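Here is the structure we will look at.
In this note's numbering, the protein residues as written are 683 to 843.
Next up, the structure:
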């Protein structure tokens, strides 16, 4: 799979944007100067932009194209095996839960951040297509998990705005 310079630049921009979200959570964790829901409010739009941005086909590929086309030559088993074990375990935690105390919400978000840091680092060390695509898919799974979690927390009466 060969990507043009503009496609590579768009992918790098996407990864940088993901890293910015991870950094926002780290900064919040250090300062704790606002509620967790306020942080999630700020992050939600950023995640939606990453996942759903309209692409210019000559310059970048959509998330859909990345998921369908980029993975077509990769082994599903190889992609799965490329995921760090801690990340694979975190991928299913907290999804579908609504009634969580603030401490558990914060813990979930901090675990998400740690998994994303590990995935971003693993992506940069990818040695083959299976590893790169598995880790890119992992990043997108984690982003969509975060979106689901944020939506669920909007219904959670146990946390404050």
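Ideal Cβ positions, reconstructed from N, Cα and C, are used throughout, including at glycine. As the structure is a computational prediction, the values presented were derived from the model and not from experiment.
Query raised in the report: Under three-state DSSP, which class holds residue 721?
Result: helix
Query - Close beta carbons around residue 841, own chain, < 8 Å, minus the five adjacent residues each side - result: The residues are 717, 718, 719, 782, 783, 784, 787 and 835.
Query raised in the report: Whose C-alpha, out of 695, 730, 760 and 828, is nearest the C-alpha of residue 792?
Result: Nearest of 695, 730, 760 and 828 to residue 792, Cα basis: 828.
Query raised in the report: Can we say the segment 804-814 touches the segment 764-773, given the rule of at least three CB pairs closer than 8 Å?
Result: As far as the Cβ criterion goes, the segment 804-814 touches the segment 764-773, which means the pair count is three or higher.
Query - Limits of the unbroken alpha helix (DSSP H) element including residue 788 - result: 784-806
Query raised in the report: Shortest alpha-carbon distance to residue 826 belongs to which of 800, 806, 778 and 805?
Result: 778
Query raised in the report: Span of the alpha helix (DSSP H) holding residue 827?
Result: Segment 811-835, the alpha helix (DSSP H) holding residue 827.
Query raised in the report: How big is the Cα-Cα spacing for residue 839 and residue 730?
Result: Answer to the nearest angstrom: the Cα atoms are 24 Å apart.
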